[in-house]
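Since the structure comes first, as structure tokens, the remarks are kept for the end.
In my numbering, the protein residues as written are 3 to 591.
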């Protein structure tokens, strides 16, 4: 039950956490070396050998080479994923409070409910509140988590009733802040295979007839029951836009909200597997969620077969709010590639042609594609793939190219010269280019030296999300450590809004924050650089910042990232264990 309260005046701002500075070593002159960023000498610290912190590296996998002998140099670089890192175990449902039981309607399942109904027992086991200001209550005037909230003291009455601020709640009540949620009815129809895919089936029959191979393409010249003609699709002007790339794990909705505030024009959800979407998997549908601030938003789907992708395209068009749908042709992960999806599609021209035709025939929004330069290192084939795609000029609205191969990953610089060759081959299909953009000068160079219509920012946005502001305002932003802390505070608030302010939501927000910090620490403050701009492939020597907080933000140590998370989300649980996704982010400071 909700009770109302009288509108209150503005609350005092939360105090900025204080830091205890470690003893700072004397400055060390660092000679400029290849691949090393040039830091002003007064900020450079003693260079230590880079080594893995055992606390933040996964155990050896079966068949993996044993460690080198004591004192011997490591035989391999710190690269690849921590595949054996432990995953958090979800709480049993019985330990979670039933929100329907707390609502006015009550729980319809009664004693058979899989969630807990004992409020007193829940409160006895619940950890202490993390603060006296609830982000959800402050944003909306009501917290949907009630007594389960880790900031419950901010909005509970003495008799444990959930308070409501009428002034704030009246603005948001009934508003749809996040769209593209999976309803129970839709999930049931997908799992029972009762969803009507008639439009997709008609297109798939046309593909199965061999008409595409024979050159007879049905673009919709007949009656009302033929596939939608490309000319009837909604138009989206991509020209001159700044794209935030679809980023697995770290490109979540709270992060996209941050980038939108800094000036990103186009956002795209994380890669979703078409097969999982068609099965109604809740976790996969969560990747499609769209915030109200994302005014030009698309979703990226990955699949290997035309039937799968065509049905998925129809489903997205009918049940989701999207402005475009992107085909993933760049994912380098082995299990995706070996199925013929992701970057594997680049070597399957016939399948790709069927997928493009099938998806575009059942969609009323633009179809885009994102690919790499090639699959094998040293063998660039994107121009050949694009030449084949020109058959579908009226069906493909945009091609995005990351000029690196699957095998190359992020070794060496992106090949923008080859990207320009692809852009010329693709004409009149517009091409969006991405790779190694970390400053407005990088963006200006790529725009002036190539014929790409748009720029896509990926790692650059993870390292400094304010890059969109820098590009639009044509300046280097010497952002202060306190401003960066405010960005993280805002991110955690958005995370609690998205994932929840209960214990589970807090810890999920913490883990995504830690993954983001594994990129954020690579930013080098403008005021510390001898030469501008910072290059994305240059690693800084150990350095101290202009204040204690800036020094902490520069730390490559997982332990320090956890410390930052505790400044924002309170102490970690006793059994907390975090390993970064990539070993390259696990070296000790």
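Even glycine gets a Cβ: it sits at the ideal position worked out from N, Cα and C.
Nearest candidate by alpha-carbon position, reference residue 266, set 248, 273, 281: In the chain shown, counting from the first residue as 1, residue 266 sits at position 264. Here the closest residue by C-alpha is 248.
Segment limits, alpha helix (DSSP H) that includes residue 398: Indexing the chain shown from 1 puts residue 398 at position 396. Careful: residue 398 lies outside any alpha helix (DSSP H) and carries neither H nor E.
Short Cβ contact (8 Å threshold) for residue 440 with residue 518: The residue labelled residue 440 in the question sits at position 438 within the chain shown. The residue labelled residue 518 in the question sits at position 516 within the chain shown. With a cutoff of 8 Å on beta-carbon distance, residue 440 and residue 518 are scored as not near each other.
Close-in-space but distant-in-sequence residues of the same chain around residue 552 (CB under 7 Å, 5 per side omitted): In the chain shown, counting from the first residue as 1, residue 552 sits at position 550. The beta carbon of residue 552 sits closer than 7 Å to those of 483, 527, all from its chain and outside the five residues before and after it, given in chain order.
Those runs of the alpha helix (DSSP H) which lie wholly inside the segment 533-587 and span at least 4 residues: You should have 550-555, 560-571.
Closest by C-alpha distance to residue 299, when choosing among 419, 368, 125: Within the chain shown, residue 299 is the residue found at index 297, counting from 1. The alpha carbon of residue 299 has as its nearest neighbour, out of 419, 368, 125, the alpha carbon of 368.
Whole beta strand (DSSP E) elements within the segment 119-193, 3-residue minimum: As far as the segment 119-193 is concerned, its whole beta strand (DSSP E) runs of at least 3 residues are 164-166.
Cβ-based neighbour list, residue 573, same chain, cut-off 8 Å, excluding 5 preceding and 5 following: The residue given as residue 573 occupies position 571 in the chain shown. So the list is empty, once near-sequence residues are dropped.
Cut-off 8 Å between Cβ atoms - residues of its own chain near residue 252, not counting five sequence neighbours on either side: As a first step, residue 252 must be located in the chain shown, where it is residue number 250. Non-local beta-carbon contacts of residue 252 in its own chain, meaning distances under 8 Å to residues more than five positions away in sequence, involve 464, 514, 517, 518, 521 in chain order.
First and last residue of the uninterrupted alpha helix (DSSP H) at residue 358: The sequence position of residue 358 within the chain shown is 356, counting from 1. Per DSSP, residue 358 is one residue of the alpha helix (DSSP H) stretching across 351-364.
Cβ neighbour criterion (16 or more within 10 Å) applied to residue 174: As a first step, residue 174 must be located in the chain shown, where it is residue number 172. Residue burial is scored here from C-beta neighbours: residue 174 has fewer than 16 other C-beta atoms within 10 angstroms and is therefore classed as exposed.
Exposed unless 16 or more other CB atoms sit within 10 angstroms - verdict on residue 534: Stepping through the chain shown from its first residue, residue 534 is reached at position 532. Classification for residue 534: exposed.
Cα-Cα separation between residue 546 and residue 357, rounded to whole angstroms: Translated into positions along the chain shown, residue 546 becomes position 544. Translated into positions along the chain shown, residue 357 becomes position 355. Near 52 Å, if we compare the C-alpha coordinates of residue 357 and residue 546.
Reduced DSSP category for residue 204 - H, G, I as helix; E, B as strand; rest coil: Here the question's residue 204 lines up with position 202 in the chain shown. Shown here, residue 204 sits in a helix according to DSSP, grouped into three states.
Where residue 99 sits in the DSSP three-state scheme: In the chain shown, the residue the question calls residue 99 occupies position 97. In this structure, residue 99 counts as strand in the three-state DSSP scheme.
Exposure of residue 35, with buried meaning 16 or more beta-carbon neighbours within 10 Å: As a working mapping, residue 35 is identified with position 33 in the chain shown. Taking every protein chain shown into account, the CB of residue 35 has fewer than 16 other CB atoms within 10 angstroms, so this residue is exposed.
Assigned exposure category for residue 292 - 16 Cβ within 10 Å defines buried: For this step, residue 292 is matched to residue 290 along the chain shown. With 16 or more other CB atoms across the displayed protein chains lying within 10 angstroms of its CB, residue 292 is buried.
Sheet register partners of residue 262 (DSSP bridge): Locating residue 262 in the chain shown gives position 260, counting from the first residue. Answer is none; residue 262 lacks a bridge partner.
Exposure of residue 284, with buried meaning 16 or more beta-carbon neighbours within 10 Å: Your numbering for residue 284 matches position 282 in the chain shown. Flag for residue 284 reads exposed.
Close Cβ partners of residue 294 (< 8 Å) along its chain, the five nearest in sequence each way excluded: Stepping through the chain shown from its first residue, residue 294 is reached at position 292. Listed in chain order, the non-local C-beta contacts of residue 294 below 8 Å within the same chain comprise 177, 178, 179, 180, 181, local neighbours out to five positions each way being set aside.
Segment contact flag, the segment 327-336 with the segment 368-380, C-beta cutoff 8 Å, min 3 pairs: Under the Cβ criterion (8 Å, minimum of three pairs), the segment 327-336 counts as touching the segment 368-380.
Distance between residue 205 and residue 363 (C-alpha atoms, nearest Å): Taking the first residue of the chain shown as 1, we reach residue 363 at position 361. Taking the first residue of the chain shown as 1, we reach residue 205 at position 203. Each residue's alpha carbon lies about 7 Å from the other.
Endpoints, alpha helix (DSSP H) assigned at residue 318: As a working mapping, residue 318 is identified with position 316 in the chain shown. Per DSSP, residue 318 belongs to the alpha helix (DSSP H) from 308-321.
Limits of the unbroken beta strand (DSSP E) element including residue 456: Taking the chain shown and counting its residues from 1, one reaches residue 456 at position 454. From DSSP, the beta strand (DSSP E) with residue 456 extends over 456-459.
Span separating the alpha-carbon of residue 410 from that of residue 159: Here the question's residue 410 lines up with position 408 in the chain shown. Here the question's residue 159 lines up with position 157 in the chain shown. Roughly 58 Å separates the two Cα atoms.
Opposing strand residues paired with residue 39 [DSSP bridges]: To locate residue 39, count along the chain shown from 1; it is residue 37. The partner list for residue 39 (beta bridge, DSSP) is empty, contrary to what the question assumes.
Nearest-angstrom Cβ-Cβ length linking residue 375 and residue 406, presumed shorter than 8 Å: Here residue 375 corresponds to residue number 373 of the chain shown, with the count starting at 1. Here residue 406 corresponds to residue number 404 of the chain shown, with the count starting at 1. With a Cβ gap of about 6 Å, residue 375 and residue 406 count as contacting.
Per DSSP, cross-strand counterpart(s) of residue 301: Taking the chain shown and counting its residues from 1, the one referred to as residue 301 is at position 299. Bridge partners of residue 301: 327.
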